[in-house]
Amino acid sequence: MRAGIVLVAGWLAMLFCTGSVQAAEAPRGVPDSPTQTAYLAEQLRKDPVYISDQLPREVPRSTAPDFAREARRLGVSTYVIVLPSSSFGTEPSAVLAGVHDRLGRKGLYVAIGDTGIDAVQTYGVSLPGAEDASRATLYELAYDATPREVFRHFVDVVTSGHAHQRAEQARAASEDDPDGPPSVHTDRTDRENQSFVTGIAVTGIPLTALLITVYALQRRRVRRAAATATVTATATATAGADRPSAAGGVRVPASRGGAKAVGGRTTAAGGKATVHGRKKADGGKKAGTGAKGTGSGKKGTGSRKGAGGPGPYPRERLLPLLAAAAVLGGLIAFTATQVFDDTTSGDGSRPTAADMRARIDRVVDGLRRDPLYTDPESPPALDAAERAQLRRRLRALDVPVVIAAVPSSTDDESGGNRELLAKALHTRLRRDLLIVLADPGSGSIDLVNYGTRVDDMYLIDRPRELSYPQSTDPPLGHRLDQLLTYVSKSPKAKAGHMPYEQPAADDPVEEKSLPGLFTGDFEPGLVIGTFLAGLLFGLVAAACGIVRRITRRRRTANGAPGDARSPAPTEPSTAWLRRNARQELDALTAALEPVAALPEDSQRRAWECLDAAALLIDGDSDGRIDADATPAALACAIVLARAGRTTIGEPDAARFVCHRNPLHGVAHKRVQVPPEAGGRARTRARSLPVCEACRLTLGPVLRLRPSGSARRGAPAPYATLPGPLAALGDGTEIDQLTRDVREYFGVH
Numbered sequence: 002m003r004a005g006i007v008l009v010a011g012w013l014a015m016l017f018c019t020g021s022v023q024a025a026e027a028p029r030g031v032p033d034s035p036t037q038t039a040y041l042a043e044q045l046r047k048d049p050v051y052i053s054d055q056l057p058r059e060v061p062r063s064t065a066p067d068f069a070r071e072a073r074r075l076g077v078s079t080y081v082i083v084l085p086s087s088s089f090g091t092e093p094s095a096v097l098a099g100v101h102d103r104l105g106r107k108g109l110y111v112a113i114g115d116t117g118i119d120a121v122q123t124y125g126v127s128l129p130g131a132e133d134a135s136r137a138t139l140y141e142l143a144y145d146a147t148p149r150e151v152f153r154h155f156v157d158v159v160t161s162g163h164a165h166q167r168a169e170q171a172r173a174a175s176e177d178d179p180d181g182p183p184s185v186h187t188d189r190t191d192r193e194n195q196s197f198v199t200g201i202a203v204t205g206i207p208l209t210a211l212l213i214t215v216y217a218l219q220r221r222r223v224r225r226a227a228a229t230a231t232v233t234a235t236a237t238a239t240a241g242a243d244r245p246s247a248a249g250g251v252r253v254p255a256s257r258g259g260a261k262a263v264g265g266r267t268t269a270a271g272g273k274a275t276v277h278g279r280k281k282a283d284g285g286k287k288a289g290t291g292a293k294g295t296g297s298g299k300k301g302t303g304s305r306k307g308a309g310g311p312g313p314y315p316r317e318r319l320l321p322l323l324a325a326a327a328v329l330g331g332l333i334a335f336t337a338t339q340v341f342d343d344t345t346s347g348d349g350s351r352p353t354a355a356d357m358r359a360r361i362d363r364v365v366d367g368l369r370r371d372p373l374y375t376d377p378e379s380p381p382a383l384d385a386a387e388r389a390q391l392r393r394r395l396r397a398l399d400v401p402v403v404i405a406a407v408p409s410s411t412d413d414e415s416g417g418n419r420e421l422l423a424k425a426l427h428t429r430l431r432r433d434l435l436i437v438l439a440d441p442g443s444g445s446i447d448l449v450n451y452g453t454r455v456d457d458m459y460l461i462d463r464p465r466e467l468s469y470p471q472s473t474d475p476p477l478g479h480r481l482d483q484l485l486t487y488v489s490k491s492p493k494a495k496a497g498h499m500p501y502e503q504p505a506a507d508d509p510v511e512e513k514s515l516p517g518l519f520t521g522d523f524e525p526g527l528v529i530g531t532f533l534a535g536l537l538f539g540l541v542a543a544a545c546g547i548v549r550r551i552t553r554r555r556r557t558a559n560g561a562p563g564d565a566r567s568p569a570p571t572e573p574s575t576a577w578l579r580r581n582a583r584q585e586l587d588a589l590t591a592a593l594e595p596v597a598a599l600p601e602d603s604q605r606r607a608w609e610c611l612d613a614a615a616l617l618i619d620g621d622s623d624g625r626i627d628a629d630a631t632p633a634a635l636a637c638a639i640v641l642a643r644a645g646r647t648t649i650g651e652p653d654a655a656r657f658v659c660h661r662n663p664l665h666g667v668a669h670k671r672v673q674v675p676p677e678a679g680g681r682a683r684t685r686a687r688s689l690p691v692c693e694a695c696r697l698t699l700g701p702v703l704r705l706r707p708s709g710s711a712r713r714g715a716p717a718p719y720a721t722l723p724g725p726l727a728a729l730g731d732g733t734e735i736d737q738l739t740r741d742v743r744e745y746f747g748v749h
């Protein structure tokens, strides 16, 4: 009995002494820091929604009413805790269980971190689908969704009644698409891309539409002009056939060697190298055949349009098109402002001044009562013994030192800058201090000296383990104790030191705001849009040109239905003549190479056609069409080349060509042409060769300019122009034409 009484008395004495020692070590009136679960339970007792003051940039505390409004939709008591994800540790559900044990209230407990929902637990209430809704929210929302948007989505899924199905579908979708759902918000990179695309669209689309429209209208003008010229020429030719005195009729030149009226003058054949009054010069090259100083003898007085079509698109008609393009660009810009209407990269919440200073107020209030402050929202990094040891060491130092064990993140008021946090604490404490900032999550330690007489270089050169922990380093409490020992041995400085002034943290509103749509990459987009418009127009024009060429070749090969004259223009431009002359000569040359079995007579006639055509347009024998080749010479070369190809396939069919327009090709029929009126006598009617189409309806007469210039001389009937081509107006055979060409150039 006595032994038992002695043991009980000793045990009670020991407990009393231990409590007395701990009470003596703690500052009077300053209770020790509460545990994390006790602190959070006390906060939820005041308000069922608790938002940490460490996330004012991402989740301002002033948004608590929004969370409460969403929570009421669930129909059960809901307690929401919003903390940095690191503050929940590895077991967020354990934190919720501890909070529930401390709070002792039934309901749904939700732990939301800065990356989404960390845990969901129900205690004493039934809420089907809560866990599934948490998983569905994880899979369905992108990484940039804010905690407020995450909680709203969670409530939407729970109240939908299909939480399980949505969770399964979202999980399956995440397996098929590892990149996850698209972003919820527009960031600055997205805005730069939007500005760039807008710039391209504002200039590229209107300019492309303008260029293609002008091109299409110009092509339509060309077709209409060609159709008008064809109708006019047909009417003139028909009138000439009905009335011999018509000016548009074919002028039949005099027979070779006789006299012929050319340009108002009478010339006669004579001499070895003289044809129609023109003498061969230099023995092998043609003298001017109308390119210079011959032909009509005057500068053209007709239309200023080019030989193949109308001139450039009228400027007065461009003004409405330019105005329409400008209006289209404005509409595109306005539409872009409606589509890319985001002005912030967040959910629109803006922290108040109270939100931004809430943590500073809390830490400063704690440091005014105790030089050691540990963050109650974070898992305890220091146990009771370590806290007591550090307080004792702080009181023993002859240098004023305070320790704030608080985490740091880019979403806090300082933007993750520890020196800015120290500056804010010093400004509020208003005394010289050596401030020690310890991060309970990472274990890093920072020292900032504000006015104390401690050698700063000594503090800077402290061992690395006293700043950045390694995996094998002791826990935070032991390292802080080592740091205080290191500070106690610091040499004294002659004067207090103040750190370098730190720039202010970014404004949270400006940090989230997006630049204007018409800034940044908008101007480069305008330039790129212009280049792309030109490129696209070039591709469209090239494609149209290829289609037209293919269509023209098919018509040339097969003939257009109901009109064999369609491939041959009535007033071809010089460019058309040069292009087709080159093509026809190349085709004839290629056709002559493999025809070794061709009869000698046909082969001879084909080569004569090729030689005569070359004499007409390649006097330099350099394989290129002469620059001064006249339209008449080019047309004659085309006729000879086509006749040569016909000779290879059908030797007997290449004797005559259509006298109305030799470009129509071979003539299989002959028609009676009424006599011409003029002079003192009337000639009798003649039978002249025509193509199949002209046999049914006489087509317009081929009209050419006297020179190769597009603006010199009005088109005239080909039979009135100097050169061998005029002989075809009399129905001359191809063999005779080749002889005329050789004689014209003095080649025997």
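Each residue of the sequence shown is one higher than the last, beginning at 2 in my numbering.
Built from N, CA and C at the ideal position, the CB exists for glycine as well.
Q) Which parts of the stretch 613-691 are runs of the alpha helix (DSSP H), unbroken and 4 residues or longer, counting only runs that do not cross its ends? A) Runs of the alpha helix (DSSP H) inside the stretch 613-691: 632-650.
Q: Could you say which of Y51, A614, P401 and D188 lies nearest to V348 if we only look at CA atoms?
A: In the sequence under discussion, the amino acid at residue 348 is Asp, which differs from the Val named in the question. That would be D188, whose Cα lies nearest to the Cα of D348.
(Q) Check this for me: beta carbons of V126 and F155, under 9 Å apart or not? (A) Not closer than 9 Å, so no.
Q) When DSSP labels each residue in this structure, what does R743 get in the three-state scheme? A) Residue state, collapsed to three classes: helix.
Q: Locate the beta strand (DSSP E) running through G108, then write down its first and last residues.
A: Per DSSP, G108 belongs to the beta strand (DSSP E) from G108 to G114.
Q. So the alpha helix (DSSP H) T753 belongs to, where does it begin and stop?
A. Look at the range of the chain in this structure, 2 to 749, and you will see that residue 753 is not part of it.
Q | Where the beta strand (DSSP E) containing V402 begins and where it ends | A | Note, V402: beta strand (DSSP E), V402 to A406.
Q.
My output table needs one value for A793: the three-state DSSP class, helix, strand or coil.
A. What the structure shows of the chain is the stretch from 2 to 749, and residue 793 is not part of that stretch, so it cannot be assessed.
Q.
Bridge partners for G435 per DSSP, in chain order?
A. For the sequence presented, residue 435 should be read as Leu rather than Gly. DSSP lists V402 and N450 as partners of L435.
Q) In the DSSP assignment, what are the bridge partners of K493? A) BP columns for K493 point to V455.
Q | Pick from P377, P372 and D413 that is closest to L430, judged by C-alpha positions | A | Of P377, P372 and D413, the smallest CA-CA separation from L430 is found for P372.
Q) Touching or not, the stretch 451-465 and the stretch 497-507, by the rule of three or more beta carbon pairs under 8 Å? A) Yes: the two stretches touch, three or more of their Cβ pairs being nearer than 8 Å.
Q: Specify, as a first and last residue, the run of the alpha helix (DSSP H) that D119 falls within.
A: Secondary structure note for D119: it is in no alpha helix (DSSP H), and the uninterrupted beta strand (DSSP E) holding it is G117 to Y124.
Q | Beta-carbon spacing of A633, P723 below 9 Å | A | Yes, they are a contact pair.
Q: With DSSP as the reference, label A558 as helix, strand or coil.
A: Legend: pLDDT at A558 = 49, less than 50; position of this residue unreliable, no value from coordinates given.
Q: Between the Cα of A354 and those of V328, G114 and E414, spot the shortest distance and give me the residue it belongs to.
A: Relative to A354, the option among V328, G114 and E414 whose CA is nearest is E414.
Q: Let me know the secondary structure DSSP gives P600 once reduced to three states.
A: Residue state, collapsed to three classes: coil.
Q.
Looking at the strands, I want to know which residues DSSP matches up with V159.
A. Beta-bridge pairing links V159 to no other residue.
Q.
Quick check: the Cα distance between R149 and D67, rounded to an integer number of angstroms?
A. Going by the C-alpha atoms only, they are around 8 Å apart.
Q.
Taking 9 Å as the threshold (C-beta atoms), are R58 and S78 in contact?
A. In this structure, R58 does not lie closer than 9 Å to S78 by Cβ.
Q) Under a three-way DSSP split, which group does V50 fall into? A) V50: strand per DSSP, three-state reduction.
Q.
Helix, strand or coil for T38? Go by DSSP, reduced to three states.
A. Residue state, collapsed to three classes: helix.
(Q) For V50, which residues in the same chain have their Cβ closer than 6 Å to its Cβ, ignoring the five residues on either side in sequence? (A) So the list reads A65, F68, A69 and V81, once near-sequence residues are dropped.
Q: Please report the Cβ distance between R480 and I446, rounded to the nearest whole angstrom; I am assuming they are in contact, meaning their Cβ atoms lie under 8 Å.
A: Contact flag correct, Cβ pair sits at about 7 Å.
Q: Pick out whichever of R432, L689 and G444 has its Cα sitting closest to the Cα of P675.
A: Nearest to P675 by alpha-carbon distance, out of R432, L689 and G444, is L689.
Q. How would you write the range of the beta strand (DSSP E) that V100 sits in, first residue to last?
A. Premise fails: V100 lies in the alpha helix (DSSP H), P93 to L104, not in any beta strand (DSSP E).
Q: Kindly indicate the opening and closing residues of the beta strand (DSSP E) around L368.
A: Segment A354 to R370 is the alpha helix (DSSP H) holding L368; no beta strand (DSSP E) there.
(Q) For R432, count the other beta carbons within 10 Å of its own beta carbon; 16 or more makes it buried, fewer makes it exposed. Which is it? (A) Answer is exposed; the Cβ neighbour count stays below 16.
Q: Specify the secondary structure class of K306 as computed by DSSP and reduced to three states.
A: Residue placement at K306 cannot be trusted, given a pLDDT of 39 that sits under 50; what the coordinates show is reported in the next sentence. Three-state DSSP puts K306 in coil, outside helix and strand.
(Q) Here's a check: name, in chain order, each residue in its chain whose Cβ is nearer than 6 Å to the Cβ of G563, leaving out the five neighbours to either side. (A) Here G563 scores only 36 on pLDDT, less than 50, and its place in the model is too uncertain to base an answer on.
Q) CA-CA distance, A423 and A327? A) Approximately 56 Å, taken between the alpha carbons.
Q | CA-to-CA distance, D619 to T575, given in whole angstroms | A | If you take the alpha carbons of T575 and D619, they lie about 16 Å apart.
Q) Whose C-alpha, out of D508, Y216, Y110 and A385, is nearest the C-alpha of A131? A) For A131, the nearest C-alpha among the options comes from Y110.
Q) Counting contacts by CB-CB distance shorter than 9 Å, is Q737 in contact with chain B? A) The structure shown contains no chain B; it holds only a single protein chain.
Q: Could you round the C-beta distance between V203 and L322 to whole angstroms and report it? I think they count as a contact, below 8 Å.
A: Not confirmed; about 17 Å, so no contact.
Q) Over what stretch of residues does the beta strand (DSSP E) that includes V81 continue unbroken? A) Per DSSP, V81 belongs to the beta strand (DSSP E) from T79 to V83.
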